[in-house]
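Undergrad: In the working numbering, the protein residues as written are 8 to 268. Where a beta carbon is used, it is the ideal one built from N, C-alpha and C, also for glycine.
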C-alpha cells in the first residue's frame with residue numbers, strides 16, 4: 008500500500024505539471040493590452056518604449072504616430088487626456104507622484120523605474136525601486152512581474168532565486184508579456200530543453216519579438232529546430248510587424264530618422 012501511495016503521488020505530480028504546461032503554452036499568445044496605443048489601439052512595434060511614450064498626466068501609452076499626428080494638428084497638450092505636458096523634471100515627477108497617491112499601478116511601476124535609474128532629479132535608490140515594483144506587481148502590473156523576475160533570476164539587489172524568477176516570468180508570459188516569454192525560452196535553451204525552448208520562442212516571435220526569431224534561426228542552423236518551425240516563426244514575426252504599421256507611424260519614423268542623421 009505504501010508503494011501504491013508513492014506511485015499515486017508521483018502520478019499526481021506529473022499530471023499537475025502537465026496541466027501547468029497546458030496553461031503556460033495556451034495563454035499569452037497575443038500582445039497584451041498595455042502594448043497597444045491608447046488612441047489608435049494598434050499594437051506598438053517592439054520594443055514598445057522605443058516606439059511610444061507614456062505621459063505622466065494619465066499614464067497612457069501613446070504611439071509615436073498618434074503623438075506626431077497631434078503635433079501636426081498643433082496640439083501641444085497630452086493627445087489622450089488633453090492635460091498640459093510638464094515643463095521640467097520636477098513637474099513630471101509631481102504628476103507621477105500624484106497618480107501614485109491614487110494607487111495607479113502604472114504610476115507606481117513608473118516611479119520605481121525613476122528610482123532605479125536615478126531620473127527626474129531622484130537619487131538612485133534600487134531598494135525603493137524594488138519596493139515599488141513589488142507593490143505594482145500586487146496590483147497586476149506585468150512589467151513589474153518581469154523586472155522582479157529578472158532580479159531574482161540574476162540575483163540583482165535581491166538574494167538570487169532562479170525558480171522564483173522563472174515563476175514570475177511565467178505569470179507575466181501567460182498575460183502576453185513578450186520579454187518574459189522570450190526569457191523562458193532562453194532559459195530552456197541554456198538547459199538544453201530545446202523542444203520547450205522552441206515552444207516559448209515561437210509564441211514570442213509570432214507576436215513580434217525579433218530576438219526570439221533570431222534565436223530560432225540560430226537553432227535551425229544548428230539542427231535544434233526544424234525548417235517548418237523557423238518558417239512559422241518568420242511568417243508570424245512578419246505578420247506582427249505589419250499589424251503594428253500605420254501611415255502616421257511611418258511618417259513619424261521618417262521624421263525621426265531625418266533628425267538623427
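1. Measuring straight from C-alpha to C-alpha, what distance separates residue 170 and residue 23?
2. Please identify the residue among 43, 31, 32 whose C-alpha is closest to the C-alpha of residue 215.
3. Assign residue 188 to one of three DSSP states: helix, strand, or coil.
4. If we ignore side chains and look at the alpha-carbon of each, how far apart do residue 129 and residue 154 end up?
5. Quick check on DSSP: helix, strand or coil for residue 54?
6. Could you check what DSSP says for residue 33 in three-state terms: helix, strand or coil?
7. Nearest to residue 191 by CA position, among 157, 166, 213, 164, is which residue?
8. On the three-state DSSP scale, how would you describe residue 165?
9. Which same chain residues, not among the five before or five after residue 96, have their C-beta less than 8 Å away from its C-beta?
10. With a 10 Å radius around its C-beta and 16 neighbouring C-beta atoms as the bar for buried, classify residue 101 as buried or exposed.
11. Out of curiosity, what's the CA-to-CA distance linking residue 237 and residue 106?
12. For the segment 53–132, which segments carrying the beta strand (DSSP E) assignment without a break, of at least 3 residues, lie completely within its bounds, in sequence order?
13. Could you tell me which whole alpha helix (DSSP H) segments of length 4 or greater appear in the segment 202–246?
14. Could you say which of 212, 199, 245 lies nearest to residue 36 if we only look at CA atoms?
15. Quick one, which of 115, 64, 79 has its alpha-carbon nearest residue 92's?
TA: The relevant details are as follows:
1. As a first step, residue 170 must be located in the chain shown, where it is residue number 163. As a first step, residue 23 must be located in the chain shown, where it is residue number 16. Cα to Cα, residue 170 sits roughly 17 Å from residue 23.
2. Position 208 of the chain shown holds residue 215. Out of 43, 31, 32, 43 has the C-alpha closest to the C-alpha of residue 215.
3. For the purposes of this step, residue 188 is identified with residue 181 of the chain shown, where counting begins at 1. Reduced to three states, the DSSP call for residue 188 is helix.
4. Here residue 129 refers to the residue found at position 122 when the chain shown is read from its first residue. Here residue 154 refers to the residue found at position 147 when the chain shown is read from its first residue. One alpha carbon belongs to residue 129, the other to residue 154, and they sit about 20 Å apart.
5. Taking the first residue of the chain shown as position 1, residue 54 is located at position 47. Note: residue 54 maps to coil in three-state DSSP.
6. Within the chain shown, the letter at position 26 stands for residue 33. Annotated three-state conformation of residue 33 is helix, per DSSP.
7. Working through the chain shown from its first residue, we reach residue 191 at position 184. When only C-alpha atoms are compared, the closest one is 157.
8. Within the chain shown, the letter at position 158 stands for residue 165. DSSP places residue 165 in coil when its eight states are reduced to three.
9. Working through the chain shown from its first residue, we reach residue 96 at position 89. The answer, listed in chain order, is 126, 127, 128.
10. Walking along the chain shown from the start, residue 101 turns up at place 94. Result: exposed.
11. Here residue 237 corresponds to residue number 230 of the chain shown, with the count starting at 1. Here residue 106 corresponds to residue number 99 of the chain shown, with the count starting at 1. About 44 Å.
12. 59–61, 68–70
13. 217–228
14. Locating residue 36 in the chain shown gives position 29, where the first residue counts as 1. Of 212, 199, 245, the residue nearest in Cα terms is 212.
15. Taking the first residue of the chain shown as 1, we reach residue 92 at position 85. When each option's Cα is compared against that of residue 92, the closest is 64.
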